[in-house]
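> Using UniProt numbering, read the sequence shown as starting at 1 and increasing by one per residue. Handing you this structure, nothing more for now.
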Amino acid sequence: MKALITGISGFVGSHMAEFLLQKGVEVYGTIRHRSRMNHIQHLLDDIHLVECELRDPFSVETLIEDAKPDLIFHLAAQSFVPTSWNSPIDTIHNNVAGEVNIFEAIRRLGIDCKIQLACSSEEYGHVNPDEVPIKETNPIRPLSPYAISKVAQEYLGYQYFKSYGLKTVMTRTFNHTGPRRGENFVTSNFAKQIADIEKGKKDPVIHVGNLQAKRDFTDVRDVVRAYWLALEKGVVGETYNIASGTCYTIEEVLHKLLSYSKVQITVEEDPARLRPSDVEILLGDYSKFHQQTGWKPEIPFEQTMEDLLQYWRSQP
Ligand SMILES: C[C@H]1O[C@H](OP(=O)(O)OP(=O)(O)OC[C@H]2O[C@@H](n3cnc4c(=O)[nH]c(N)nc43)[C@H](O)[C@@H]2O)[C@@H](O)[C@@H](O)C1=O
Numbered sequence: 001m002k003a004l005i006t007g008i009s010g011f012v013g014s015h016m017a018e019f020l021l022q023k024g025v026e027v028y029g030t031i032r033h034r035s036r037m038n039h040i041q042h043l044l045d046d047i048h049l050v051e052c053e054l055r056d057p058f059s060v061e062t063l064i065e066d067a068k069p070d071l072i073f074h075l076a077a078q079s080f081v082p083t084s085w086n087s088p089i090d091t092i093h094n095n096v097a098g099e100v101n102i103f104e105a106i107r108r109l110g111i112d113c114k115i116q117l118a119c120s121s122e123e124y125g126h127v128n129p130d131e132v133p134i135k136e137t138n139p140i141r142p143l144s145p146y147a148i149s150k151v152a153q154e155y156l157g158y159q160y161f162k163s164y165g166l167k168t169v170m171t172r173t174f175n176h177t178g179p180r181r182g183e184n185f186v187t188s189n190f191a192k193q194i195a196d197i198e199k200g201k202k203d204p205v206i207h208v209g210n211l212q213a214k215r216d217f218t219d220v221r222d223v224v225r226a227y228w229l230a231l232e233k234g235v236v237g238e239t240y241n242i243a244s245g246t247c248y249t250i251e252e253v254l255h256k257l258l259s260y261s262k263v264q265i266t267v268e269e270d271p272a273r274l275r276p277s278d279v280e281i282l283l284g285d286y287s288k289f290h291q292q293t294g295w296k297p298e299i300p301f302e303q304t305m306e307d308l309l310q311y312w313r314s315q316p
């Protein structure tokens with residue numbers, strides 16, 4: 001069996017590759033000329049890397065024709081919410097055009113494959129207090145250009161399923177983290193600041209944004225297992241929440257991370273970290289996915305946070 005991972009050198013892509021290799025799957029992955037390879041350095045002998053610009057239809061058609069995958073995990077995206085305010089068109093173009101190019105290549109070449117689409121809980125956006133835990137049937141009220149790009153990705157997945165029979169499965173994944181998480185994202189950012197303070201590379205002050213937001217975190221290693229099950233047991237054309245079913249304020253996350261360190265650290269708000277609009281609460285109900293696939297998260301949040309901090313401590 002052959003699987004293609006778009007964005008294989010990224011955070012989730014590298015974990016997905018490790019998971020698939022353990023399953024004995026032949027792994028293809030896309031990189032761009034400026035991709036950093038540090039997350040997949042240890043896998044280079046075992047995977048096929050293809051340089052591909054997903055925004056370029058010719059590049060994508062060549063990729064799909066050469067790889068002829070049975071499974072596609074479409075993980076490549078501009079995924080940082082604040083960047084989507086600074087460059088909204090780029091986020092929408094990157095995330096939406098890239099996916100359409102994949103769908104068009106599959107359709108034109110007549111490739112028979114299943115496609116997992118990494119959609120997002122950000123699509124829910126504004127959530128009323130009486131709407132948690134969030135089910136797939138909740139209203140979509142997106143609050144960022146990134147969220148809009150994910151709504152478009154998801155509905156395109158549905159439309160290509162209905163119009164052309166493409167075997168798409170959409171996963172609305174809530175926040176996820178773990179070793180290799182990009183340093184912009186909150187858990188990694190805080191963990192890296194703590195590790196830098198411990199190493200004496202930074203003054204003992206941790207800079208933070210909105211600590212009142214509530215988020216539902218799942219370990220990335222549970223998430224890639226969910227993506228595999230989404231294609232193995234999920235129903236094509238359907239959308240599933242992937243979540244832990246528990247949420248914490250960002251303040252609680254901060255204090256959890258701080259409790260793993262012996263150094264004395266002062267907390268300071270950095271106004272540049274506040275957003276034009278922030279999703280107040282994301283707390284997911286994953287029962288639809290559980291009923292279909294049997295999946296449930298296995299790695300406790302505390303373990304994820306300790307592993308993340310250890311990851312940053314081990315970085316040069
Ligand atoms: C599901 C969804 O999950 C992620 O989107 P996100 O929730 O925006 O993730 P984040 O880690 O940037 O922020 C989480 C919360 O934490 C608050 N926050 C406080 N202080 C800082 C801070 O210093 N840095 C950051 N980044 N956030 C901070 C921030 O305001 C927000 O309320 C992406 O994977 C996205 O791709 C995705 O799909």
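We put the CB at the ideal spot given by N, CA and C, even for glycine.
At which residues does the beta strand (DSSP E) containing L117 begin and terminate?
114 to 120
> When you compare each of Y311, W312, P316, H290 to K135 by their alpha carbons, which one comes out closest?
H290
> List the residues that DSSP assigns as beta-bridge partners of D219.
T177
> Roughly how many angstroms separate the alpha carbons of V127 and R275, rounded to a whole number?
17 angstroms
> Name all residues in chain order for which at least one heavy atom of ligand 1 lies closer than 5 angstroms to the residue's CB.
Working through the chain, the matches are S79, V81, S120, S121, E122, N175, F185, V186, N189, V208, G209, N210, A213, I250, R273, D278.
> Taking C-beta to C-beta, are P133 and D278 nearer than 7 angstroms?
Taking 7 angstroms as the Cβ cut-off, P133 and D278 do not qualify as a contacting pair.
> With a Cβ-Cβ cutoff of 7 angstroms, do K114 and L166 count as a contact?
no
> Quick check on DSSP: helix, strand or coil for E18?
helix
> Leaving aside the five residues before and after I31 along the sequence, list all residues of the same chain whose C-beta is less than 7 angstroms from its C-beta, in chain order.
I8, S9, L49, E51
> Among the residues of its own chain, which have a CB less than 8 angstroms from the CB of I140, if the five just before and after it don't count?
E123, Y124, G125, V151
> Looking at the unbroken beta strand (DSSP E) that takes in A48, where does it start and where does it end?
The residue asked about is misnamed: residue 48 is His in this sequence, not Ala. In the DSSP annotation of this structure, the continuous segment of the beta strand (DSSP E) that includes H48 starts and ends at 47 to 51.
> Can at least three beta-carbon pairs, one atom from the region 169 to 180 and one from the region 58 to 77, be found at a separation below 8 angstroms?
no
> Decide if Q153 is buried, meaning its Cβ has at least 16 other Cβ atoms within 10 Å, or exposed.
buried
> If we count the other Cβ atoms within 10 Å of its Cβ and call it buried at 16 or more, is A17 buried or exposed?
buried
> Would you mind listing the beta strand (DSSP E) stretches within the region 195 to 259 that are 3+ residues and don't spill past its ends, in chain order?
Runs of the beta strand (DSSP E) inside the region 195 to 259: 205 to 208, 239 to 242.
> Output needed for K162: all residues of its chain with C-beta closer than 8 angstroms, excluding positions within five of it in sequence on either side, in chain order.
The beta carbon of K162 sits closer than 8 angstroms to the beta carbons of G237 from its chain, once the five residues preceding and following it are set aside; these are given in chain order.
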